[in-house]
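If you count the sequence shown from 1, you need to add 30 to reach the numbering used here. As structure tokens, the structure follows; a few thoughts come after it.
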Amino acid sequence: MDKSGKIYRTYVQTLKEELIPAMGCTEPIAIAYAAAKAREVLGCEPDLVKIGVSNNIIKNVKSVVVPNTDGMKGIEAAAVAGILGGNAAKELEVISEVTANQKAAMRRFLSSVPISVEAIDNGIIFDIIIALYCGTDSAVVRISQYHTNIVYIKKNDEVLLDNTARQTSAACNTEAGSGLTDRSLLIANIYDFAETCDLDDVRPLLDTQILYNTQISEEGLLGDYGANVGSTYLKFYGNDVRNRAIAKAAAGSDARMSGCEMPVVINSGSGNQGLTVSLPVLEYAREYGKSREELYRALAVANLCAIHQKTAIGKLSAYCGAVTAGSGAGA
């Protein structure tokens, strides 16, 4: 593939946009990110919090443990974690540096400050609006379409950012309309790219994916997280490569959904998809003694095939993204 051509550049940029670190389930972390940004804009601790979220956000956040909160779950906990312990500059690792004092303050805040949560329907599947108030001051931050896409910021009566018109237009149905690279991916081109790409263009992304996703998977196997699917699977079904591929992805998922305070490199906006698309490939590469270069090129195929499938489906849907991620790993 021509390394100076548009297709090549698009595929590299797509991987850069998608393979990013996140701590915890990405929907509560997106709420925490919006809340941290709103707190930054407000400039003080709020005395009233209003949260509006689309139905699919409610589905994905309601029962998930939020990292660095001592086991708290749900929408309110995610927002408060962002307000009191978040660093908006870190985006999907927004609550990776929470202190013990901040954790204690979160529980006090939840018990003393009014927080309302409302289901909203603006025709956008992925929609989060955080409004913070302190006396006569207010701040509003909105994220739409994907986890880090802040489209609206307002302080008091001053609108600081407004990209909502583009998000609610017909253009928002395309990746480019949402501010991402246009995803005109084809399987033949994905394979050509993976076979011929300059590894320096993808190595940093894939090294981080390998490191982070392996670490949380091992933590999931050793620790007591969720239903312990990974360790239970190995115990009852054996330790062959197929079973290890299944168990390691499941263990990483159990850990992150149960509040493990370790990052995951995501795919298509999802940590579980990031784990599922990468860990089986790693396991088979080890089993068959593949070189590091072969592993990088296999991961390029896996990640781009998963992204290709999710492009038509969308970041959030009733469709289980583990299927597309598993298909990518199989490819």
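Glycine included, C-beta positions come from ideal geometry on N, C-alpha and C.
Residue i classed as buried or exposed, judged by whether at least 16 other C-beta atoms fall within 10 angstroms
i	result
V42	buried
T226	exposed
I276	buried
F139	buried
A195	exposed
D157	buried
K265	exposed
A149	exposed
R69	buried
A361	buried
N186	exposed
Y176	buried
N98	buried
C290	buried
N243	buried
A342	exposed
E313	buried
E123	buried
G115	buried
A206	The pLDDT assigned to A206 is 48, lower than 50, so where the model puts this residue is not dependable, and the model offers no usable value.
Residues near residue i by beta carbon distance below 6 Å, same chain, minus five either side
i	result
N90	E57
N86	I155, L346
Y163	P76, L78
T178	E121
A161	K80, V170
8 Å contact criterion, which residue i and residue j should meet: CB distance rounded
i	j	result
R45	N333	A quick correction: the sequence has Leu, not Arg, at residue 45. The Cβ separation is near 6 Å, so the contact holds.
I180	V171	6 Å
I220	V147	Actually they do not touch by this definition, with Cβ atoms about 40 Å apart.
G250	D284	5 Å
R213	I337	7 Å
G101	V110	No, G101 and V110 are not in contact; Cβ-Cβ is about 14 Å, not under 8 Å.
S363	K340	The question about residue 363 has no answer, for the chain in this structure spans 31 to 361.
V311	A281	V311 to A281, Cβ: 16 Å. No contact.
Y63	G112	6 Å
Same chain, Cβ closer than 7 Å to residue i, neighbours up to 5 away in sequence not counted
i	result
D222	M31
L235	L45, K46, L49
E127	N117
R286	G54, C55, I246, V294, G301
E106	L140, I145, V147
A330	F223, A224, C227, V232
A352	N302, Q303, T306
A328	V311, A315
Element boundaries [alpha helix (DSSP H), containing residue i]
i	result
R172	Premise fails: R172 lies in the beta strand (DSSP E), 167–174, not in any alpha helix (DSSP H).
M287	271–287
C335	322–343
Contact test: residue i Cβ vs the ligand COA heavy atom, cutoff 6 Å
i	result
V96	The model depicted lacks the ligand COA and carries no ligand whatsoever.
Spatial neighbours of residue i in its chain, beta-carbon cut-off 8 Å, leaving aside the 5 residues before and after
i	result
K120	S126, E127
E323	L229
G356	T306, V307, P310
Residue range of the unbroken beta strand (DSSP E) whose run includes residue i
i	result
L191	188–192
G82	78–83
A52	51–53
P293	293–295
Y349	Neither: Y349 is in no beta strand (DSSP E) and is coded neither H nor E.
I158	157–164
A119	Looking at the DSSP string, A119 is not in any beta strand (DSSP E), and its letter there is neither H nor E.
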